[in-house]
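Enquirer: Quick one: the structure is below, questions incoming.
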Amino acid sequence: MRMIKESLRAQRIETPSWAYGNSGTRFKVFAQRGVPRDPYEKIADAAQVHAFTGVAPTVALHIPWDKVDDYADLASHAAGLGVGIGAINSNVFQDDDYKLGSVTHPDPKVRAKALAHLLECVDIMDATGSDTLKLWFSDGTNYPGQDDIRARQDRLAEALAAVYQRLGDDQRFLLEYKLFEPAFYMTDLPDWGTAYAHCVKLGPKAQVVVDTGHHAPGTNIEFIVAFLLREGKLGGFDFNSRFYADDDLMVGAADPFQLFRIMYEVIGGGGFTERTAFMLDQCHNIEPKIAGQIRSVMNVQEATAKALLVDREALAAAQRAGDVLGANAVLMDAYNTDVRPLLAELREESGLAPDPMAAYAKSGYFERIAADRVGGAQAGWGA
Ligand code: RM4
Ligand code: MN
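Counting in the working numbering, the sequence shown runs from 110 upward without gaps.
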C-alpha cells in the first residue's frame, strides 16, 4: 500500500488553459461568470486546481488563444502561483487560409504560413521552458477527388520533418490523430497508425498522443496504448470522455471502466513516468470550469489508484493457468474497490483537504472571480 501511495503522490496531470475559458458547441457558446479574460487569469484558475488536488502542477497553452507579449513573464507569473507551463498546443485550424488544409494545403504559400506558426510554437517553448509541442491538424477533405491523398501525406511529412529539425535536445513533439471532424470524407491524420508511421520515420523526439475522444465508437483504446508503449512511441494523453464523437466531456464521466483499463496498460507497460504526459483536453460547456477540472483530475486519480491495486502476481498466475474467469476476477476486484478513502487519506497526509471539490467550493474563489472579473472580453475558443 505504501508503494501505491507513493505512485499516486508522484502522479502529474496537466490541465488545459482552454478549459477555463468559455466554450460550447457549434450551436451556442454559453458564457459563464468569472471566466478569465486573458492567459494570466487562466493560469490563476489552473493554479487553484493544483492547490486543491496537489497533482496538477502544469497548464498547457494553446497558441494563438494564449498569445501574450512576453512569454517569459507569463511563465514567471505561473511559477509565482505554484504552477508551470506544460505543452504548447499549435493552432492551424482557425484561419480563413486553412479552409482546404494547413500543412497539407495545395497552395505552398498556405503551407509555409502554417509551418511558420508551428515553428513559432517552438520559440514559445524556448521562452516558457516547455519541453512538449502538441500538434493537431484539422486537415482533410470533404469530398472524394477533392485533393490527392498521397500528395497530402507528402506535404504533411515535409512539415513534420521541418518542425522536428527545429526541436532542441530536450524537446519533443506529440502528434495527435483524430478520426474525423472537421473533415468528413478523409482526414490526413485519422488514426494512431498514421501518426505512428510519421513518428517512426522522424525519430525519438516524435511521439504519438492519444486523445481518448478521437476514435470510432467501440475502439479498444487500451490496445493502442499497450502497442505504442511497447514501441516507445506513446508520448501522452489528451484525456476526456465521449458518448458519441469528440464530446470533450469530463474524463472518466462516460466510461470510467475504460479509463481504468487504459491506466492498467500504462502501468503494466512502464508508461507511468514523467515521460508520459497525462493531459486533460476538455471543454466545460455547461458545468463550472474550475470545479469541472478538479473533478476530472480526481477521476484520473481514482482510475489510477484502481489500476495500481491490480494484484499482478495473481493475475499472471491465472493467465498462465489459462484461468479465464479467475484472471478477469482479479482485474474486476481492483476495479470494484472503492479507492476514495485511500485518496482522501493520501491528500490529508500531504496537507490537503480530503475532498477537493468541497474544499474548493468552501474557499470562496469562485465568488471572488465572479465579482472581480467584470468588464473586458471573456476568453473563449474563438470559433
Ligand atoms: C482538437 C484536438 C486538440 C485540441 C483542440 C482544441 O480536437 O483535440 O488537441 O487542441 O481540439
Ligand atoms: Mn486533443
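Every residue gets a Cβ at the ideal spot worked out from N, C-alpha and C, and that includes glycine.
#1: Under the criterion of a Cβ to heavy atom distance below 7 Å, does ASP347 qualify as lining the ligand MN?
#2: Using only alpha-carbon positions, find the residue among ARG339, ASN445, ALA386 and LEU183 that is nearest to ALA236.
#3: Could you round the C-beta distance between GLY327 and ASP355 to whole angstroms and report it? I think they count as a contact, below 8 Å.
#4: Got a sec: does the ligand MN put a non-hydrogen atom nearer than 7 Å to the Cβ of GLU285?
#5: Keeping to the same chain, check which residues put their C-beta closer than 8 Å to that of ALA266; ignore five residues upstream and five downstream.
#6: According to DSSP, simplified to helix, strand and coil, what is CYS211?
#7: Roughly how many whole angstroms lie between the Cα atoms of GLN410 and GLY254?
#8: Relative to the C-alpha of ASP442, which residue among PRO173, ARG456 and LYS415 is closest?
#9: Taking the beta strand (DSSP E) that GLU285 falls in, what are its first and last residues?
#10: Tell me, which residues are paired with LEU242 by DSSP?
#11: Under 8 Å Cβ to Cβ from GLY238, same chain only, skipping five residues before and after it: list those, please.
#12: From LYS243 to ALA430, what distance separates their C-alpha atoms?
#13: Given this structure, state the Cα-to-Cα distance separating PHE369 from VAL164, to the nearest angstrom.
#14: Measure how close the beta-carbons of LEU337 and VAL317 come, nearest whole angstrom, since I'm counting them as under 8 Å.
#15: Between LEU117 and LEU461, is the Cβ-Cβ spacing less than 8 Å?
#16: Cutting at 7 Å between CB atoms, please list the residues of its own chain near GLY435, excluding the five before and the five after it.
#17: Between which residues of its own chain and MET407 is the CB-CB distance below 8 Å, once the five residues before and five after are set aside?
#18: Span of the beta strand (DSSP E) holding ASP442?
#19: Report the three-state DSSP secondary structure of SER103 (helix, strand or coil).
#20: Which residues does DSSP list as the beta-bridge partners of VAL319?
#21: Please report the residue range of the beta strand (DSSP E) in which THR503 lies.
#22: Excluding the 5 residues flanking PHE246 on each side, which residues of the same chain have their C-beta closer than 7 Å to its C-beta?
#23: Between which residues of its own chain and LEU440 is the CB-CB distance below 8 Å, once the five residues before and five after are set aside?
#24: With distances taken Cα to Cα, identify the nearest neighbour of LYS151 among SER459, MET112, PRO215 and ILE399.
#25: Please classify PHE387: does DSSP put it in a helix, a strand, or coil?
#26: ILE172 and ILE122: beta carbons closer than 8 Å?
#27: Buried or exposed for ASP357, please, with buried defined as at least 16 other CB atoms from any protein chain shown within 10 angstroms of its CB.
#28: Specify, as a first and last residue, the run of the alpha helix (DSSP H) that VAL272 falls within.
#29: Measuring straight from C-alpha to C-alpha, what distance separates ASP179 and THR124?
#30: Here's the rule I'm using: 16 or more other beta-carbon atoms within 10 Å means buried, otherwise exposed. How should PHE282 be labelled?
Expert: Working from what's here:
#1: yes
#2: LEU183
#3: That pair is no contact at about 15 Å.
#4: yes
#5: HIS307 and LYS310
#6: Looking at the sequence provided, one finds Ser at residue 211 rather than Cys. Coil at SER211, not helix or strand.
#7: 46 Å
#8: LYS415
#9: 281 to 285
#10: ILE197 and PHE282
#11: ALA184, GLY193 and ILE194
#12: 43 Å
#13: 18 Å
#14: 6 Å
#15: no
#16: ALA427
#17: THR162, LEU452, PRO465 and MET466
#18: Where ASP442 is concerned, there is no enclosing beta strand (DSSP E), although the alpha helix (DSSP H) it sits in stretches over 433 to 444.
#19: Because the chain is modelled from 110 through 492, residue 103 falls outside the range shown and cannot be assessed.
#20: PHE346
#21: Since the first residue shown for the chain is 110 and the last is 492, residue 503 is missing from the structure and cannot be characterised.
#22: VAL201, SER211, VAL212, ASP297 and LEU298
#23: TYR373, VAL419 and LEU424
#24: ILE399
#25: strand
#26: no
#27: buried
#28: 258 to 275
#29: 21 Å
#30: buried
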